[in-house]
Each structure stands twice: as C-alpha cells, then as structure tokens.
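Novice: Structure provided below as structure tokens; questions to follow.
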Amino acid sequence: MRENMLSLGFGAGFPGIDAVEALREMEGRLEKGLQRLLEGARAKEDGFGWLDLPDSLPEGLFDSVAWLSGFDSVVQIGIGGSALGNRMISSAIGHPFYNELTRKERMAPRFYIADNADPEKASAILGMIDPSRSGFIVASKSGSTAETMANFLFFLGELERSGVKDPAGNILVVTDEKRGALRSFAKETGCRSLSVPEAVGGRYSVLSAVGLLSAGAQGIDIGSLLLGASVMKKNLSGKMETGEDPARVLAASAIRHNEEGRNILVLIPYSDNLASFSEWFCQLWAESLGKGGWGSTPLRALGATDQHSLLQLFTDGPDDKLYLFLVPASRRDLVLPGTSWESLEEISYLGGKTMGSMLYQEALSTASALARKGRPVLWLEVPVIDAFHLGGLVFFFEYVTALTGLSLGLNPFDQPGVEQGKRFTYGLMGRSSYESDADEARIQFRSIMADSAGL
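For the sequence shown, my numbering gives the first residue as 3, with consecutive numbering after it.
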C-alpha cells in the first residue's frame, strides 16, 4: 500500500453541519469546474500549460544549471511568479542560512533574489557579490516587467563597470520564446536563454525553467521536484468521490465558506521552512481568484510564531475566516535535555521531549482550540518536506486554485486588475505611448491627497 503524499482532515471544516453532506451539495459545481479543467488541458488553451510541466523537462536546463554552478554567486532578477517560487523552493529545501555556509559546505554558489525595485536591497546585494564572478538569471515572460527591468539595468551596468570582457556572458534570460525585450536582448548579445512555455502564466511557472533553474544551481534535486509533481498529477486524475479527494474538499470548502461570509483563507504552516510557501500561495490564490467581485483573501500565519500575535484575533475576533493548517508529520528533530536547576523545575516537563514533537502538538492544540470555538478548520498533513513532497504540494495547490476558479466560472489564469497599475507606472516613468496614463495617475493621486493629516 502506497504512502499518501498528503492527507486532509476536514471533520471540523463545516461547524454545525455534517461535513460530507456539505460537500455533497457542492458536487455539481465542482464537477463542472473539473470538466472545464480537463477540456482546457486537452485543448492546450492559454493558461492551462502548467498541467504539463511535471512531465516535461525544459530544454537546456541541466546545461544551464552546470554553467551557473561555476559562479561564486547567482542572482535571480524577477518579481511575483519569477521570484516567490524561487524563494519558496530555496527556503523549503535549502539550509536556512545557506549563504553563510562555506562554498565547500554549500557545494554551490550563494543565492540572492532581486525582486522589488528597492535601491536599498539592490545596493545590499551588490555589496555582497563580485559582479564579474556572478551569474544573473533575468526572468520575465513579457520581458517588460518594470521592476525586473530596473534591477536588470542596474546589475547590467555594474557588470559593465566591473571590467568583465563580455557582460552578457554572465546573463541568462528566461522569457517568452519569441517576443519581448529580453528575447531581443538574447538575440542581440547571444547571451544564454531559456523559454517560458507559451500557455504558462507567471504564478503557475515555478515548475518551469523560471523556478527550476535557480533551484538546480543551489544543488536542489529538480528531478525529484518534478517527480513529486508528476505523481500528484496522477493521483489527482484518478476517479474519486468529492469526500475522498483533498483537492475537491479544499475547493468546496473555500467556495462555501466564502459565500457564507468567511472570505479570508488563513494558511498556517507549522514549519519555518514553509513560511515562504505561504507567500508563494498568497500570490497564486489572490491573483487567480480575485475576479468579478468574488475573492477569498489569503492570509499568512506561521505556527507557532503567530500564536503569539494573530491567535487572539482568530479565536475572539470575527468569524470571517477558514483555517488551513499545513503540518509536516516528521522533520529533523532535537531532543531537549533535562535540567537539575531548582529554578527551572517548572519547565522540567520538557526534558526528554523533542522540539519537533512540541511544534506538532502546538499545531494540534491550536487547531483544536479553534474548532472548540466553532471556527472552520482543515488539517493538511504531509509526510515530510523534501524535494519530492514539495513538488507534489506545489502541484496540489495549483490544481486546487484552478479548480476553485473554474468551479466559480472565473478565469484563474488572467489578472486584469493589475494591468492599470502597470500602465500608470509605465507612463509616470516616461515610457512612450503611456502619456495619458501618467496624466490620469496624477489626477487620481491628487484626489487621494486632497485631504490629509500629519504630525
């Protein structure tokens, strides 16, 4: 009998009513969403390409990984889906203080991410690297993302100032196969390049070259990541009743609770290594489902840390949230020593226990306290966090997000709500053909500042 890649407890997911019956009422909508997902995948429609990523290794990936591995440092230049997934994989699988290890201990380059267009951070990264001995991954499917292009120009300028003979020789772009400024740059300079598949959007791209390249450069087993995703894909394709399928349970729970006024989904991983997973999930969930007046706001909370900041709100605040606990069943562990100090007798009960078991019991206790209060609680458990199970977890959450959107009749693969902000930025920064957007942005901002207060 095979071990489950994950399991979902949902007995406390629908306080006051039978959970199985609640799910049964949602079956019709979920079935329509599932059929739409299958149709889009078969027709290879735009946005559905992520479903094929677990079974297709990007061309040239391993050669590019080997090339990057020869540098002292690797800098990922990207934002949103071209950065959050990279940080998520590194944090989940890598050493928490990876860059502080010696090269011999890392057996790979140091790794930095230049995402936000923040001069403080860009300057700090520059202060930590020698540009001439660093490889730069510039990731943007459109090739025009303003923040990414700003960081790209900054580090390109530093490469040119470093005296390296061929600055483009330290650069690899990951972008659209045919279009955009980065593709044109690759053609002009002959720098290395990999492609983002046409039908894959940014927030669903972590299992493409966008996320796999930097992971491989850090020595992470990208084959296991893809294998885990492929196994999860196969598991999800099997015939299951709604109550037997964790993906449908989670999608149904999110939809039903949202319609009952609980429009905040709190993801609570009980692992520091999964803190960045929550950040990646927040973009995936919010940008995919915030459409046409519908929306489920994702909120990050880290167990047990946020028991000391957010739990008071969760238990005694408004009943407007659905709680999803994400808990590894096993992890690297530490045994706590006993103590003979009389002053420490009060905490002697911890002696002989493990730190990992304490974290697990804290997750159990917090979930139980919320359930006792009548809050809806789901418990998602994974055997361990390694490359294989992380790949499965990534595909699972992508699948749940897409299924939720399609069951609601939404397009989970576009993001029309962010386009106007981009146009305003282009105009204000002087990009040609966006002058009217700049004028409108100034008018709107004047209205914001029409009334103000200060100290």
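From the three backbone atoms N, C-alpha and C, an ideal C-beta is built for every residue, glycine too.
Please report how far the alpha carbon of Glu262 lies from the alpha carbon of Glu281, in whole angstroms.
Specialist: 26 Å
Novice: May I ask you to report which of helix, strand or coil DSSP gives Pro330?
Specialist: Per DSSP, reduced to three states, the secondary structure at Pro330 is strand.
Novice: Between the Cα of Arg334 and those of Gly340, Ser359 and Leu346, spot the shortest distance and give me the residue it belongs to.
Specialist: Ser359
Novice: Over the uninterrupted alpha helix (DSSP H) stretch that includes Tyr428, give me the two end residues.
Specialist: Glu421 to Leu430
Novice: When burial is assigned at 16 or more other CB atoms within 10 Å of the CB, is Phe327 buried or exposed?
Specialist: So Phe327 ends up on the buried side.
Novice: With three or more C-beta pairs closer than 8 Å as the rule, is the stretch 178–189 touching the stretch 24–43?
Specialist: no
Novice: Suppose you measure from the CA of Asn6 to the CA of Asp247; what does that come to, to the nearest Å?
Specialist: 12 Å
Novice: For Gly394 versus Ala231, is the C-beta distance shorter than 8 Å?
Specialist: Their beta carbons are under 8 Å apart, which means Gly394 touches Ala231 by this criterion.
Novice: Taking just the CA atoms, how far does Leu36 sit from Leu2?
Specialist: Residue numbering for the chain in the displayed model covers 3 to 457; residue 2 lies beyond these limits and cannot be assessed.
Novice: Could you tell me whether the stretch 395–409 touches the stretch 341–352, where touching means 3 or more Cβ pairs closer than 8 Å?
Specialist: no
Novice: With a Cβ-Cβ cutoff of 8 Å, do Arg205 and Glu289 count as a contact?
Specialist: The Cβ-Cβ distance between Arg205 and Glu289 falls below 8 Å.
Novice: In whole angstroms, what is the alpha-carbon distance linking Met3 and Thr427?
Specialist: With a pLDDT of only 39 at Met3, under 50, the local geometry of the prediction cannot be trusted, and no value is derived from it.
Novice: I need the boundaries of the beta strand (DSSP E) containing Ile349, first residue and last residue.
Specialist: First-last for Ile349: undefined, no H or E at that position.
Novice: Given this structure, state the Cα-to-Cα distance separating Ser134 from Ser92, to the nearest angstrom.
Specialist: 24 Å
Novice: Considering Thr191, what are the terminal residues of the beta strand (DSSP E) in which it resides?
Specialist: Where Thr191 is concerned, there is no enclosing beta strand (DSSP E), although the alpha helix (DSSP H) it sits in stretches over Ala183 to Thr191.
Novice: Spell out the partners DSSP gives Phe138 in its beta bridges.
Specialist: Phe138 is bridged to Val77 and Ile173.
Novice: Quick one: what does DSSP say Val396 is sitting in, helix, strand or coil?
Specialist: helix
Novice: Secondary structure at Val337, three-state DSSP: helix, strand or coil?
Specialist: Reduced to three states, the DSSP call for Val337 is strand.
Novice: Under a three-way DSSP split, which group does Val166 fall into?
Specialist: coil
Novice: Check whether the Cβ atoms of Leu63 and Leu228 sit closer than 8 Å, and answer yes or no.
Specialist: no
Novice: What would DSSP say about Tyr114, mapped onto helix, strand or coil?
Specialist: strand
Novice: Using a threshold of 8 Å, state whether the C-beta atoms of Ile95 and Leu276 are closer than that.
Specialist: no
Novice: Contact defined as beta carbons within less than 8 Å: I believe Leu412 pairs with Gly294. What is the distance between those atoms, to the nearest angstrom?
Specialist: 7 Å
Novice: Hey, how far is the Cα of Leu252 from the Cα of Ala14?
Specialist: 13 Å
Novice: What's the gap between the Cα of Lys167 and the Cα of Gly429?
Specialist: 35 Å
Novice: Quick check on Leu408: buried or exposed, where buried means 16 or more other Cβ atoms within 10 Å of its Cβ?
Specialist: buried
Novice: Given a cut-off of 8 Å on the beta-carbon distance, is the pair Leu338 and Leu8 in contact?
Specialist: no
Novice: When every heavy atom of the ligand HEM is checked, does at least one fall within less than 7 Å of the C-beta of Ser136?
Specialist: Here there are no bound small molecules, and the ligand HEM is not part of this structure.
Novice: Closest to Ala85 by C-alpha separation, out of Gly432, Ala141 and Glu47, would be which residue?
Specialist: Ala141
Novice: Nearest to Glu61 by alpha carbon, out of Met234, Leu214 and Asp441?
Specialist: Leu214
Novice: Which of helix, strand or coil does DSSP assign to Pro418?
Specialist: helix
Novice: Quick check: what's the CA-CA separation for Leu372 versus Pro121?
Specialist: 42 Å
Novice: Using a Cβ-Cβ cut-off of 8 Å (strictly less than) and excluding sequence neighbours within five positions of Val22, which residues of its own chain qualify?
Specialist: Gly245
Novice: Are the CB atoms of Ala119 and Met431 within a distance shorter than 8 Å?
Specialist: no
Novice: State the CB to CB distance for the pair Gly49 and Phe415, rounded to an integer number of angstroms; the pair is presumed to be in contact (CB under 8 Å).
Specialist: Their Cβ separation, rounded to whole angstroms, is 3 Å, which keeps Gly49 and Phe415 in contact under 8 Å.
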